[in-house]
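Those letters in the sequence shown? Residues 832 to 1510, per the numbering used here, in order. Below is one structure, written out as structure tokens; the observations come after it.
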Amino acid sequence: MSEVRPYLWLIPALPLFAAAFIAFFGPRLLRRQSHWPCVLAVAASCVLSVMAFMAVRAVPAGGEFPPVTYYTWIDAGNFHADYALRADPLSTMMLVMITFVGTLIMIFAVGYMDGDAGYARFFASMSLFVFAMTTLVLANNFMVLFLGWEGVGLCSYLLIGHWFKKPEAAAAARKAFLVTRIGDVGMLIGLFVIWGGFMVKGPDGQAVHLYSFDYGPVFAAAGEQSNGLLLAACLLLFCGAAGKSAQFPLHVWLPDAMEGPTPVSALIHAATMVTAGVYLVARCTPLFVLAPDAQLVVGVIGAFTALMAALIALTQNDLKRVLAYSTLSQLGYMFLALGCGIKGGGLVTFAVVAAMFHLFTHAFFKALLFLSAGSVMHAMGNVIDMRRFSGLRKVMPLTHIGFLCGAVALAGLPFLSGFWSKDEILAAASLAGRHNAVYTVLLYVGIVTAALTAFYTFRAYFRTFWGELVVPPEAGTHGHGDGAEEHGHGHGHVEAHAGGHGGQAHESQAVMTLPLMVLAVFALGVGGALGPTHIFAQFVERTPGFPEMVEHEANVPLMVTSGVIAVAGIALAWLMYVRRPDLPGKLAESMQGAYQLSLNKFHFDELYGAFILGPLAVLTQMIRAFDYYLLDGLVDLVGQVPRMIGYLFRPVQNGLVQFYALAMILGLTVFLLALIRAL
832 MSEVRPYLWL
842 IPALPLFAAA
852 FIAFFGPRLL
862 RRQSHWPCVL
872 AVAASCVLSV
882 MAFMAVRAVP
892 AGGEFPPVTY
902 YTWIDAGNFH
912 ADYALRADPL
922 STMMLVMITF
932 VGTLIMIFAV
942 GYMDGDAGYA
952 RFFASMSLFV
962 FAMTTLVLAN
972 NFMVLFLGWE
982 GVGLCSYLLI
992 GHWFKKPEAA
1002 AAARKAFLVT
1012 RIGDVGMLIG
1022 LFVIWGGFMV
1032 KGPDGQAVHL
1042 YSFDYGPVFA
1052 AAGEQSNGLL
1062 LAACLLLFCG
1072 AAGKSAQFPL
1082 HVWLPDAMEG
1092 PTPVSALIHA
1102 ATMVTAGVYL
1112 VARCTPLFVL
1122 APDAQLVVGV
1132 IGAFTALMAA
1142 LIALTQNDLK
1152 RVLAYSTLSQ
1162 LGYMFLALGC
1172 GIKGGGLVTF
1182 AVVAAMFHLF
1192 THAFFKALLF
1202 LSAGSVMHAM
1212 GNVIDMRRFS
1222 GLRKVMPLTH
1232 IGFLCGAVAL
1242 AGLPFLSGFW
1252 SKDEILAAAS
1262 LAGRHNAVYT
1272 VLLYVGIVTA
1282 ALTAFYTFRA
1292 YFRTFWGELV
1302 VPPEAGTHGH
1312 GDGAEEHGHG
1322 HGHVEAHAGG
1332 HGGQAHESQA
1342 VMTLPLMVLA
1352 VFALGVGGAL
1362 GPTHIFAQFV
1372 ERTPGFPEMV
1382 EHEANVPLMV
1392 TSGVIAVAGI
1402 ALAWLMYVRR
1412 PDLPGKLAES
1422 MQGAYQLSLN
1432 KFHFDELYGA
1442 FILGPLAVLT
1452 QMIRAFDYYL
1462 LDGLVDLVGQ
1472 VPRMIGYLFR
1482 PVQNGLVQFY
1492 ALAMILGLTV
1502 FLLALIRAL
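Below is the structure:
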């Protein structure tokens, strides 16, 4: 490990330096070359991450992973926090995934964002995003983690609202920022519960406050805390995870985040923001293992979110929105796994490994799917409504191959990456069901969700790439920014592609298709390479604080069931959207109520508006009236008292010299009379 320590700080620092360099010199000096610092910095961080990964892997079993403290960040009384980083199996696995997928997304963005007015600003924000996420996963204490956590939230706001002149993009950015802040407030309270509430034995044997944010002391002290305190701390930390990873009821921001550029969507959904919540709960395994009720809450909310999002994805017509709800569903799968680590069953590490394995494989095929959708948008003149195009495999063969590879991986087709990682989650739920019947219900929810996933994924695939070739009139042009680029021409201005394609659909340029092909290879093969051989599990289970993983055999009946339902979902999608394209319309007509519920996202936004935002708006108006009419009135009244007194004496100060002389004489007369009377 000694060889990794000197350069560990460079992994987040290089993207930070690139962000600062682009911000200062990009708009005037670099201009259309502003992507180079970003791409090179993230690629260099990827190389360093791989080196860190190899160094950690070389540590023998039972070895230590000491942190590196660079300086004292905060030292005020009992409040102390160092800027310290640590490379261990969990963090280095995340680092490799973030930087590798991030590098490919940056390369894709070079072609996708070509011609955008905010080109330099975009790549500066993307570099800052990678800095924040790598800081988050490398942190050795909760304060540094929270620094990266809030940095990720800031960057998501900047990038979702990149085209801030478009009202929908600005609204989506605000929504993402505010909804995730709700979870962050809960998380911050949880951190201070840990800091001020955890008690340990002092040198004299008396209980004293822990007053620490470092992982090591906090996790070591967890076993000495009361069940209620641990439960509160875990649930509050999960609030933050639910916000960042868009779990019910804080899930409403993620679909609207599609208003940002497609590379931003790929980065948020695959490698950065939404994975932060899963990582937080996994990192806090030593806490959650002692709070089984909190684990149950995590599992139930994860399963509910997975099923709910899959049901919504069934009817969406926006290709990116289908993928957004797919991300919600797959994140729910990960939290379902994290909730299956029952203390008595010895399943903790197995459940965490299953969740992180699915996070790892999901990053590749979801990035591939989003970038493929971006390639489609680029060719369709930023049209993303699947009702307006079809048969694109004939004119976009590379994009078609990329999307198909991502689709089969997401659907869980046997022996591909999604199959292996999803099977681990179902196996964890099955084992947990032997100790608590609730997890058996969650297992069935997971199986149903897997079937829905295969169906809606290939519904999107068949509608986009099969059937008769249909392209919208905008095809062959692109308005940089998903139709929202502003050059003084108003919203939705569309410019002709620099190369000119005569209004015809076309394959994207090589700088965009090359990342698709690389991601396609990893999306298909990474699960098979790491899953059946247990390499991933053997590596991650060595993370400090993780209990020994329970031994288990492959659940062959469950694997067969998972494979069959994936194939069945794909076959049903083919029947409805290729063989019998009239069936969806008939089904929608016969099930109009259910169809409208799914199409309108179960009206969550409307319900939140009516029962939360509406009452809060009324309350704020009442407070405003109270402040304006009562408090301001009292303040004004106090200010009027000196004015009224001054008004009484104003006639005396009239500026007439003879009046002042008369007053002096009268005053002197009164004084003399009083003096004579006294004598």
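Think of the CB as a built atom: it goes at the ideal place given N, C-alpha and C, for glycine as much as any other residue.
- The beta carbons of Ser1160 and Thr1284 sit closer together than 8 Å.
- Contact between Phe1195 and Val932 holds: CB atoms are separated by about 7 Å, below the 8 Å threshold.
- Within the same chain, and ignoring the five residues on either side of Thr934 in sequence, the residues whose Cβ sits closer than 8 Å to its Cβ are Val870, Val873, Ala874 and Cys877.
- In this structure, Gly1047 is the residue among Gln1427, Gly1047 and Ala1182 with its C-alpha nearest to the C-alpha of Gly1376.
- Bounds of the alpha helix (DSSP H) holding Lys1151 are Leu1150 to Leu1169.
- Excluding the 5 residues flanking it on each side, Gly1237 has same chain C-beta neighbours closer than 6 Å at Phe1196, Leu1199, Leu1200 and Ala1354, in chain order.
- By the beta-carbon neighbour count (other beta carbons within 10 angstroms, threshold 16), Val1179 is buried.
- Distance from the Cα of His1337 is smallest, within the candidate group Leu1145, Val1226, Ala1456 and Val983, for Val1226.
- As DSSP reads the structure, Ser1221 sits in a beta bridge with Val1301.
- For the pair Ser1248 and Val1357, the CB atoms are nearer than the 8 Å cut-off.
- In the structure shown, the three-state DSSP call for Trp994 is coil.
- The beta carbon of Ala1259 sits closer than 7 Å to the beta carbons of Ala1168, Cys1171, Leu1178, Phe1181, Ala1182 and Ala1185 from its chain, once the five residues preceding and following it are set aside; these are given in chain order.
- The criterion of a C-beta distance shorter than 8 Å is satisfied by Ala850 and Ala955.
- With distances taken between CA atoms, Leu1138 lies nearest to Gly1277 out of Thr903, Gln1452, Leu1461 and Gly1277.
- Checking the DSSP bridge columns, you'll see Asn972 partnered with Asp1045.
- Within the DSSP secondary-structure output, Ile1443 pairs in no beta bridge.
- DSSP lists Ala912 as the beta-bridge partner residues of Ile905.
- One thing to note: Asp1254 has its Cβ within 8 Å of the Cβ of Leu1389.
- About 4 Å separates the beta carbon of Ala951 from that of Ser865, a gap short enough to meet the 8 Å contact definition.
- Counting the other Cβ atoms within 10 Å of the Cβ of Met1217 gives 16 or more, which makes it buried.
- Using a C-beta cut-off of 8 Å, the segment 1106-1116 makes contact with the segment 1069-1085, since at least three inter-stretch Cβ pairs fall below that distance.
- The beta-carbon separation of Gly1424 and Phe1286, rounded to 20 Å, does not stay under the 8 Å limit for a contact.
- Residue burial is scored here from C-beta neighbours: Phe962 has at least 16 other C-beta atoms within 10 angstroms and is therefore classed as buried.
- Considering only Tyr1459, Lys1432, Ala1064 and Leu1085, the residue with the shortest C-alpha distance to Asn1148 is Lys1432.
- Annotated as proximal: Val927 and Phe884, with beta-carbon spacing under 8 Å.
- Rounded to the nearest angstrom, the Cβ distance from Leu1274 to Gly1264 is 6 Å, consistent with a contact under 8 Å.
- Between Asn972 and Asp906, the C-beta spacing is not below 8 Å.
- Under the 8 Å Cβ criterion, the segment 980-987 counts as touching the segment 1094-1106, having at least three qualifying pairs.
- A distance below 8 Å separates the beta carbons of Thr1158 and His1100.
- The beta-carbon distance between Gly992 and Ala1003, rounded to whole angstroms, is 7 Å. This is short enough to meet the 8 Å contact definition.
- Residue state for Asp1436 is assigned as helix, using DSSP reduced to three classes.
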